[in-house]
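**Q** Numbers 3 to 101, taken from the working numbering, label the letters of the sequence shown in order.
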Amino acid sequence: MGKAKPVVLGDVTFKSESAARTFFKAMLRKYAPGDRVSDEDAVLLERLLGRHPEVHGKIGEGIDHFEVMSHTFNSQCFAVHRTDGSFEDFSYTWCISEG
3 MGKAKPVVLG
13 DVTFKSESAA
23 RTFFKAMLRK
33 YAPGDRVSDE
43 DAVLLERLLG
53 RHPEVHGKIG
63 EGIDHFEVMS
73 HTFNSQCFAV
83 HRTDGSFEDF
93 SYTWCISEG
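1. To which residues does DSSP link residue 82 through a beta bridge?
2. Can you list the beta strand (DSSP E) stretches of 3 or more residues lying completely in the segment 12 to 55, in chain order?
3. Could you compute how far the alpha carbon of residue 91 sits from the alpha carbon of residue 5?
4. Please list, in chain order, all residues of the same chain as residue 81 whose beta carbon is under 8 Å from its beta carbon, the five residues on each side excluded.
5. Is residue 54 closer than 8 Å to residue 100 when the C-beta atoms are compared?
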């Protein structure tokens, strides 16, 4: 079996992708759809989003805040709200595995 791949987000390091997924899944579940993410959580989400292969398209002109949205199949996801008023959802699992 392969060695666990750490996920580094600035000064926060998760020992494995699985540990990072568990952390962000718990973060997502502590909010209801429509809730704005706390400033503390937003710092980690911004670092996580920086790992997305299409980060520049996701961020656009800049980040205003993060929110939790309803998603398909009765699930939830994170969304980045941009400074121009637009927003787009993103997959935290994709950011972890593709970073």
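Yeah, the Cβ is synthetic: ideal placement off N, Cα and C, and Gly gets one too.
**A** Well, looking at it:
1. 68 and 90
2. 14 to 16
3. 31 Å
4. 68, 69, 70, 71, 89, 90, 91 and 92
5. yes
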